[in-house]
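Residue numbering for the sequence shown follows our numbering, starting at 132 and increasing by one per position.
Cβ atoms here follow ideal geometry from the backbone N, Cα and C, with glycine treated the same way.
Encoded as structure tokens, the structure appears first; notes follow it.
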Amino acid sequence: MAKQRPYISALWHAVPSNIHARLEQSIQRGIEDFHTSPQQASAVPKIFFRADDIAIPSSQCTAMLKIFAEHNTPLALAAVPAWSTPSRIEKLLSVAPNSNDLWCWHQHGWSHISHTLQGKKCEFGSNRPTEECVEELQQGTATLTSLLGDTLQPVFTPPWNRMGEDSITAVKELGFKAISRSESAPKQNILPDIPVNVDLHTRSELTAESGWNALLEELRAGIASGRCGVMLHHERMNPAAELFLQRLLIILQSYPVQPVPLYPYML
Ligand SMILES: [Zn+2]
């Protein structure tokens, strides 16, 4: 059985009063650790934000988009094609306009349905016939292209951050230039990988404090790597998570860390 995560992760029930100082400390340590390599002594670590499961203009989704717009910080939007309709996308574009390069709209699977019978969830696993996967991937690309046109970027984020190698080859043949999964995903040489290494909202720690410790360590390590990728799930955000996100974006502005759109800046 796949491990079930609590819908709202434990840490979002109690934001520590000293979170501002702890956040600053993690960012500062990440920068210092990045600079310990002589080749990177004067380089600036990059950070990108990727929001998954985009399509429905819920109040949580629009609140998240407004936070990024307000702080002028790029956000990659991983849109689920089968959930995307003209009216939904139109509403989202009114908050995240395609005339603005803050938003890296890109494809997030097809229908976000897992086809694994047990174990970890996966939409495009190697257990499915390749032709079936190719058909759905094509359908997804066609749907989003019809709704977003040139705004759609050639990046593919697989649901649950995993997909089989045959499907990676299929997305390459469809014209995608990169995929974005988690840092722990199995290595592959088919397309460049742009991994996320910080998970804000689908955490499984049982207590708030263990969640904070793990999250802040992921942030430090991500910045220390020079390529920090932060994953968001708006449907699991509560007011505490919104407040933290605002603080994070504000604090980042006072550090030498460069927020960039996922594509093409992270290639
Ligand atoms: Zn997803």
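With contacts defined by Cβ atoms closer than 8 Å, residue 289 and residue 310 form a contacting pair. Counting the other CB atoms within 10 Å of its CB gives residue 274 a total of 16 or more, which places it among the buried residues.
Looking at 330, 279 and 380, the one whose alpha-carbon comes closest to that of residue 215 is 279. Within the chosen limit of 7 Å, ligand 1 reaches the beta carbon of residue 243 through at least one heavy atom. An exposed status is given to residue 246, since fewer than 16 other beta-carbon atoms sit within 10 Å of its beta-carbon.
Short of 6 Å from the beta carbon of residue 235, and not among the five residues preceding or following it, lie these beta carbons of its own chain, in chain order: 207, 284, 392, 393 and 394. In this structure, residue 329 lies near residue 350, with their beta-carbon atoms less than 8 Å apart. Judged by DSSP in its simplified three-state form, residue 214 adopts helix. The distance from the Cβ of residue 153 to that of residue 187 is about 33 Å, inconsistent with a contact at the 8 Å cut-off. DSSP places residue 207 in the strand class (E or B) of the three-state scheme.
Closest by C-alpha distance to residue 379, out of 346, 282, 366 and 221, is 346. Between ligand 1 and residue 237, a heavy atom-to-CB distance of less than 7 Å is absent. If you check the C-beta of residue 290 against ligand 1, you find a heavy atom less than 7 Å away.
Taking 8 Å as the cut-off, the Cβ atoms of residue 363 and residue 331 count as close. Taken in chain order, the complete alpha helix (DSSP H) segments of 4 or more residues contained in the stretch 254-314 are 261-279 and 296-304. DSSP lists no bridge partner for residue 343. With respect to residue 198, residue 377 sits close: the two C-beta atoms are nearer than 8 Å. Taking every protein chain shown into account, the CB of residue 353 has 16 or more other CB atoms within 10 angstroms, so this residue is buried. In this structure, DSSP gives residue 372 a helical state, which the three-state scheme calls helix. Bounds of the beta strand (DSSP E) holding residue 360 are 358-363.
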